[in-house]
């Protein structure tokens, strides 16, 4: 058992690392021995809600204001994690009220509350480019599976199928 503190928002395993998003930092642990995760590094930020997902050399974090998490920033933050003991910010995208996020191939899906679901091209991992926003729902969280994008929205769940040309089609 490892104590990681209070206010944990997200636990995201990726390869041999464990990324923990809390209200004031992203923590990185090694999973070389899963029974005894070893602390590797921290990227601190202002106090805010902090979901996190990671890819090979970057971690994506959302911070939001206007909740019990505190803070005044609403943004998607990209951290370089090539040196996991010293992660550092490489990009920031301002958002309205970001919540959960997910990765599938070269796409990053970010729930932006009542502003919609933001779809980013992350072909260049450190420079996410907004492709589009899906609006009409309040999006809180997303799970990007291989076959379907599962979104937690206000009042329930929405499923989207991946199509050609980066289209998402709402399923039944």
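In my numbering, the protein residues as written are 1163 to 1334. Here a beta-carbon is modelled for each residue, glycine too, at the ideal position from N, C-alpha and C. All values reported here derive from a predicted model rather than from experimental measurement.
Looking at the secondary structure, which residues open and close the beta strand (DSSP E) in which residue i lies?
i: residue 1295; result: 1291–1296
i: residue 1320; result: 1318–1324
i: residue 1206; result: 1200–1206
i: residue 1263; result: 1263–1266
i: residue 1214; result: 1214–1216
i: residue 1182; result: 1179–1184
i: residue 1242; result: 1237–1242
i: residue 1192; result: 1187–1192
As a quick exercise: from the options, pick the residue whose alpha carbon is nearest that of residue i.
i: residue 1226; options: 1193, 1202 and 1187; result: 1187
i: residue 1289; options: 1191, 1200 and 1254; result: 1254
i: residue 1268; options: 1314, 1278, 1224 and 1327; result: 1327
i: residue 1256; options: 1273, 1264, 1265 and 1322; result: 1273
i: residue 1221; options: 1278, 1287 and 1198; result: 1287
Can you list, in chain order, the residues of its chain whose CB lies under 7 Å from that of residue i, leaving out five sequence neighbours each side?
i: residue 1244; result: 1219
i: residue 1266; result: 1306
i: residue 1181; result: 1174, 1188, 1190, 1214, 1216 and 1221
Taking 7 Å as the line, does the beta carbon of residue i fall inside it for any heavy atom of the ligand HEM?
i: residue 1236; result: This structure lacks the ligand HEM; in fact it carries no ligand of any kind.
Report yes or no: is there a C-beta of chain D within less than 8 Å of the C-beta of residue i?
i: residue 1223; result: Absent from the structure: chain D. Only one protein chain is present.
Give every residue of the same chain whose Cβ lies closer than 8 Å to the Cβ of residue i, excluding the five residues on either side of it in the sequence, and list them in chain order.
i: residue 1194; result: 1178 and 1200
i: residue 1321; result: 1310, 1311, 1312, 1313, 1332, 1333 and 1334
Measure the beta-carbon distance from residue i to residue j and round it to whole angstroms, keeping in mind my assumption that it falls under 8 Å.
i: residue 1170; j: residue 1192; result: Not quite, the Cβ-Cβ distance comes to about 18 Å (not below 8 Å), so this is no contact.
Leaving out five residues on either side along the sequence, give the residues of the same chain with a beta carbon under 6 Å from the beta carbon of residue i.
i: residue 1316; result: 1300
i: residue 1304; result: 1262, 1264, 1271, 1273 and 1313
Look at the Cβ atom of residue i, then the Cβ atom of residue j, and state whether they are nearer than 8 Å.
i: residue 1190; j: residue 1246; result: yes
i: residue 1295; j: residue 1277; result: yes
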